[in-house]
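Enquirer: Here it is, the structure, as structure tokens.
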Amino acid sequence: MASLKLIGARPSPYVNRVQFALNLKSLDYEFLVEKFGTKSELLLKSNPVHKKIPVLIHDDKPICESLIIVEYIDEIWTSGPPLLPSDPYDRALARFWAAYIDDKWAPLLRELRTAQEEEEKKRVLDQMFQVLIQLEGAYRQCSKGKAFFGGDNVGYLDIALGGFLGWMKVAEKLIGVRLLDEAKTPALVGWAERFCSHDALKDAVPTAEELLEFAQKHFMAKPPTPN
Amino acid sequence: MEEVKLLGTWSSPFSYRVLWALELKGIPYQYTEEDLYNKSPFLVKCNPVHKKIPVLVHGGKPICESMVILEYLDGPWPHNPLLPSDPYERAVARFWAKFADDKGTVIWTMFRSTGEEQKEAVKGSLEMLRTIEDLALGDKKFFGGERIGMVDLAFGALAHWLGVFEEIVGIRLLEPESFPRLHKWTKNFKEEPAIKENLPDKDKMLSNFRCLREKLLASP
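Dropping the structure here:
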């Protein structure tokens, strides 16, 4: 009985966040794939305000906004390690940095994709490195020496940033610059490797190949010339 | 009991979100007015990432971002909760709080712009108000139900700052005939003692924001 449905698409970092949470809680769900460029009746009905994915539908009730969905999942399915920290101050830190990721990191990734000139690309990249250095600090502060932002277990903030790991690898392929760099952000490099090899998460992180194909199909002006 | 400090400014709706929450919960706090043109070393130490107000400092530990602070408060002070207890209702509340944050800036754009940009912002503001009127409030007294909650505080700027902006730019958005529910909500919200007794003086706001608009329009 599928009382859990997720409206989304694998290339979306925001959809991936929800998939990570569902996998970590070992929840079965029906994945209703939205085709890029169109919006299904169900999506429009479930998210009339924003008309965006992801939407989680639980017993016919829609929940929208990726991080809100993650909190909802954590509050309903309480067996296993919690996704949000139990201490209120640590929760506030996690929420602060998740908001930072959405406000500062996500727009830069989008800007990088659409940047035309080299000058512009360099400017965006410089800002991205500044943000990553902040996130390196956040990781050290929140992890308290453990494997993930959430400590021993993957948590809310890991999920918030983890959604972008697939696209970060694609950006590296497309522009030839490594975003997660041992020299600049060594702790995050280690974190990313652990995140991507985690049993519950590895299949939910889209591969660079599938994202590259998606990008080429939808975002690039000309198709690549075959060798 | 650990000490609570609030760093804020008298004219910021974000600062007031937190101040109202502290008042609603009856939490004693020490308020410090920050000069944003001359930020205190303490503010910069508490919020090195954004260097912005409001900042709540609880037992020496800083929490930044108004909505993060509001979510925090129910933890150590669970009475008069700002969020509902039901997980689905909480998700709905968080949705509208995020909407207030993400979309609310269009009103600021209307205030600080002219010409085409302002026209677009007016259009965007009306769409935002329409969404809130039709989908967010229902027939409840407050977004939080019978009591003021996190979403009411998130939309607080609409109850007091919007009127000031409307007067300065000479554009009326929140007409009672077009937005009866929202209009009634602004009245109910401002009647609550914790809010009524904690609102920045309207004349002071008009003077301050008029100056600010001139300054913003003059600079490139």
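So the sequence lines, in the order shown, correspond to chains A and B.
Using the working numbering, read the first sequence as starting at 1 and increasing by one per residue.
Using the working numbering, read the second sequence as starting at 1 and increasing by one per residue.
In this text, a Cβ means the ideal position worked out from N, Cα and C, and glycines have one as well.
According to DSSP, simplified to helix, strand and coil, what is K173(A)?
Expert: helix
Enquirer: Roughly how many whole angstroms lie between the Cα atoms of P81(A) and H58(B)?
Expert: 27 Å
Enquirer: Measuring CB to CB, does C64(A) end up less than 8 Å from F95(B)?
Expert: yes
Enquirer: List the residues of chain A that T131(B) touches, going by C-beta distances under 7 Å, in chain order.
Expert: V49
Enquirer: Can you find a C-beta in chain B that's less than 8 Å from the C-beta of I7(A)?
Expert: Not closer than 8 Å to any Cβ of chain B, the Cβ of I7(A) fails to qualify, so no.
Enquirer: Considering only residues of the segment 121-162 of chain B, which uninterrupted alpha helix (DSSP H) runs meet the minimum length of 4 residues and lie entirely inside it, listed in chain order?
Expert: Secondary structure in the segment 121-162 of chain B: the alpha helix (DSSP H) runs of 4 residues or longer, each lying completely within the stretch, are 150-154 in chain order.
Enquirer: Less than 6 Å between C-beta atoms, sequence neighbours within five positions excluded: which residues of the same chain meet that for T109(B)?
Expert: A121
Enquirer: Looking at the C-beta of M1(A), does it have a partner C-beta in chain B at a distance below 8 Å?
Expert: With a pLDDT of 45 at M1(A), under the threshold of 50, the modelled position of that residue is not reliable, and the figure given next carries that caveat. It does not; no Cβ of chain B falls within 8 Å.
Enquirer: Which residues mark the beginning and the end of the beta strand (DSSP E) in which H58(B) is found?
Expert: H58(B) -> beta strand (DSSP E) spans 55-58.
Enquirer: 8 Å is my cut-off, CB to CB: does F96(A) come that close to chain B?
Expert: yes
Enquirer: Can you tell me the Cα-Cα spacing of G75(B) and D90(A), whole angstroms?
Expert: 11 Å
Enquirer: Quick check: what's the CA-CA separation for V177(A) versus W161(B)?
Expert: 45 Å
Enquirer: From the DSSP secondary-structure annotation, give me the bridge partner or partners of C64(B).
Expert: V55(B)
Enquirer: Using alpha carbons as the reference points, say which of I63(B), A218(B), V55(B) lies closest to S15(B).
Expert: V55(B)
Enquirer: Please classify H58(A): does DSSP put it in a helix, a strand, or coil?
Expert: strand
Enquirer: Would you report the Cα separation of I107(B) and S125(B), rounded to the nearest angstrom?
Expert: Their Cα atoms are separated by approximately 6 Å.
Enquirer: Would you mind sorting L180(A) into buried or exposed? The rule is 16 or more other CB atoms within 10 Å of its CB.
Expert: buried
Enquirer: Please classify E213(A) as buried or exposed, where buried requires at least 16 neighbouring CB atoms within 10 angstroms.
Expert: Exposed.
Enquirer: Do we get a CB-CB distance below 8 Å when we pair L284(B) with the residues of chain A?
Expert: A query on residue 284(B) cannot be resolved here, the shown segment of chain B reaching from 1 to 220 and no further.
Enquirer: Would you decide whether C211(B) is buried or exposed? Buried here means 16 or more other CB atoms lie within 10 Å of its CB.
Expert: exposed
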